[in-house]
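All the letters of the sequence shown, read from the start, carry residue numbers 110 to 638 under my numbering.
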Amino acid sequence: MRRPVHVLLAFLTWQATPALAALDAKAVGQLASEDSEEKIAAIRQLVQGGDPTAQRVLQALGDDGLQLSGGKVVIVDGERVFDAVTGEELKPGLEGGEGISINNRVRRELTAALAALRLFDPDRGARLTAAQELTAGADLAMAPLLARALESEADGQIRQLLVLAHAQASLKAPDAATRLAAVRALRASGNPGVRGLLAALLDERAEPDARVRTEARASIATIEHRMAIGEIVGRVFSGLSLGSILLLAALGLAITYGVMGVINMAHGELLMVGAYSTFAVQTLFGRYLPRALDWYVVAAVPVAFVAAALVGIVIERTVIRFLYGRPLETLLATWGLSLVLIQSARTLFGAQNVGVANPSWMSGGIQVMANAVLPWNRIAIIAFSLGVLALVWLTMSHTRLGLFVRAVTQNRAMAGCVGVPTGRVDTLAFAVGAGLAGLGGVALSQIANVGPDMGQSYIVDSFMVVVLGGVGQLAGAALAALGLGVAAKFLEGLAGAVIAKIAVLAFIIIFIQKRPQGLFALKGRFLED
């Protein structure tokens, strides 16, 4: 029977430290009892001592490596057999006997006991994981060990977790003063499970002391307030990340719709082009540059921009150029193009969604509160969107192309009269707008599935952002995108996703009726006349 390698290494380490005292032979022998209560008592007794060798014995029990042979409890690791009490390796000829089995109740106790023993591990990560496990449930028997761990722990984050775990363990203490102190300590928690523990104390049959019940009620109110704040933080952050995707999609529309007045129904599919470009780059990195796989998303940014821009140029040159001034025909033609692009994606990549993995540096998140975690991938998306917005603003404000685009947006006829190549500006503006949508696809691939139909969910929202912010206004598009993202997330929490979309659409219709120019009106002589 093969045992995990860590068990063997643990015993090699055990034998290399002869200064450690032997474990309580009676407690170790009690682990072989048929009675679950006696096994649990033995586990608790071994944990109370805090002896590092106890962790090795209990780990072997959990790994089914503890056996009873000749009246002696031994640990069997492959062909090697160790005395569970002394750690001494026994004669090669001694074979293991009857295995010591445990039920689910004992296993739960064992898991908590091992976590408690890992609180004294030199590795900070191991101690942090153990403390997090114990905050989910620590009983009164572990309170002394948790108190010892608190005395020796210097890390602030782990100490906070240990305080909560010790308080939970002390809730069933016979002394009312101890229970009262535990309830006060638990007030600092934002864990919904802690609220349930405190709610159980409100019953007079469960908690006879009136002071403890009063304190529990106050602690519950504090925890609920903290949880509400955490939910608000989470929704605001989710709304900002959604708004960042809408911003990247709407920036392109703000340019193309503002310059050419074209309602491009295929704009959502340009997001899809950027997302599939990201998938293609990830595949190439995985095949040819596996060591640099974590940086595929950086390489995907220019690839997605160029791919979507080229598709945009083809659309503008072959279809839209011949339909200027005919909005209905343009709308129908671009809708047909969106279907062509969707079917092309199905043909090239298949109808099923493809997987785009987050790089390791975008995995995980920052836990700002007990019920509010800010994922790194969404933080990166928000930062990326703001960076793209800054680059677009610099391009529109400080480059020749930006000057031409603004001129055509404000007065196409006058711009053409003074020598602005309006046809070339149309093509370049459409290419830039399509490329920005491709960048939105890169960001979207990090938080959503990549499939042929993914862009259709964002086209209507993108147009709402452009109309609400003001045609051709980057500041308006940014404010509208982030505002709509946050509003949508709050409304989804209150009324559901469908009602939220209806409410947002109704608001925009009413807003445009009152202010047709949007949040920021476009300035220009032609418009003011």
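Glycine included, C-beta positions come from ideal geometry on N, C-alpha and C.
| Check | Outcome |
| --- | --- |
| contact_flag[the segment 374 to 389, the segment 440 to 460] where n(CB pairs < 8 Å) is 3 or more | yes |
| L249 versus S566, G459, K281, V595, residue with shortest Cα-Cα distance | K281 |
| Three-state class that DSSP yields for K200 in the structure shown | coil |
| Helix, strand or coil at R189 according to DSSP, with G and I counted as helix | strand |
| Between the CA atoms of P317 and V272 - distance to the nearest angstrom | 24 Å |
| Boundaries of the alpha helix (DSSP H) in which I617 is found, first to last residue | 606 to 623 |
| Closest residue to A543 among V382, E188, I211 (Cα-Cα distance) | V382 |
| The alpha helix (DSSP H) enclosing G549, as first and last residue numbers | 531 to 554 |
| Cβ shell of A130 (< 7 Å), same chain only, five flanking positions each side left out | Residue placement at A130 is flagged as unreliable, the pLDDT there being 48, under the threshold of 50; a coordinate-derived value is accordingly withheld. |
| Cβ of V465 within 8 Å of any chain C Cβ | Here chain C cannot be found, since the structure has a single protein chain. |
| Alpha helix (DSSP H) segments (min. 4 residues) lying fully within the segment 128 to 180 | 134 to 139, 145 to 158, 161 to 171 |
| 4 or more residues per run - each alpha helix (DSSP H) lying fully within the segment 416 to 500 | 436 to 458 |
| Backbone secondary structure at G560 - three-state DSSP | coil |
| The segment 547 to 565 / the segment 463 to 483 touching (three or more Cβ pairs under 8 Å) | yes |
| Cβ-based burial, A337 [other Cβ within 10 Å; buried from 16] | exposed |
| Local Cβ density within 10 Å of L398, reported as buried at 16 or more and exposed below that | exposed |
| In DSSP terms, what E207 is bridged to | L177 |
| Where H275 falls, given that 16 or more other Cβ within 10 Å makes a residue buried | buried |
| Of the listed residues I364, L307, R455, nearest to V559 (C-alpha basis) | R455 |
| Whole-angstrom distance between S145 and V114, CA atom to CA atom | Summary for V114: the model assigns pLDDT 40, below 50, so the residue's position carries little reliability; its value from the coordinates is reported in the next sentence. Cα to Cα, V114 sits roughly 28 Å from S145. |
| Alpha helix (DSSP H) segment containing G578, residue limits | 568 to 578 |
| Inter-residue spacing [alpha-carbon to alpha-carbon] between T331 and S279 | 20 Å |
| Beta carbon of Q154 nearer than 8 Å to that of D133 | yes |
| From E313, A240, F620, residue whose alpha carbon lies closest to that of D264 | A240 |
| F85 classed as buried or exposed, judged by whether at least 16 other C-beta atoms fall within 10 angstroms | The structure shown does not extend to residue 85, since the chain spans only 110 to 638, so no value can be given for it. |
| A309, buried or exposed, once every other Cβ within 10 Å from all chains shown has been counted against 16 | exposed |
| Cβ-based neighbour list, R216, same chain, cut-off 8 Å, excluding 5 preceding and 5 following | G171 |
| Counterpart residues of V183 in DSSP-defined beta bridges | Q176, D192 |
| Option in I621, A615, I608, K598 with minimal Cα separation from V342 | K598 |
| For L398, three-class secondary structure by DSSP | coil |
| Which of helix, strand or coil DSSP assigns to I372 | coil |
| Straight-line gap, R509 to N486 (C-alpha atoms, nearest Å) | 35 Å |
| Other residues of its chain near A291: CB distance less than 6 Å, five sequence neighbours each side excluded | A276, S279, L280 |
| R288 versus L226: straight-line alpha-carbon distance, rounded | 24 Å |
| Distance cut-off 7 Å: V465 Cβ against heavy atoms of the ligand PLP | Annotation note on the ligand PLP: not contained in the displayed structure, which lists no ligands. |
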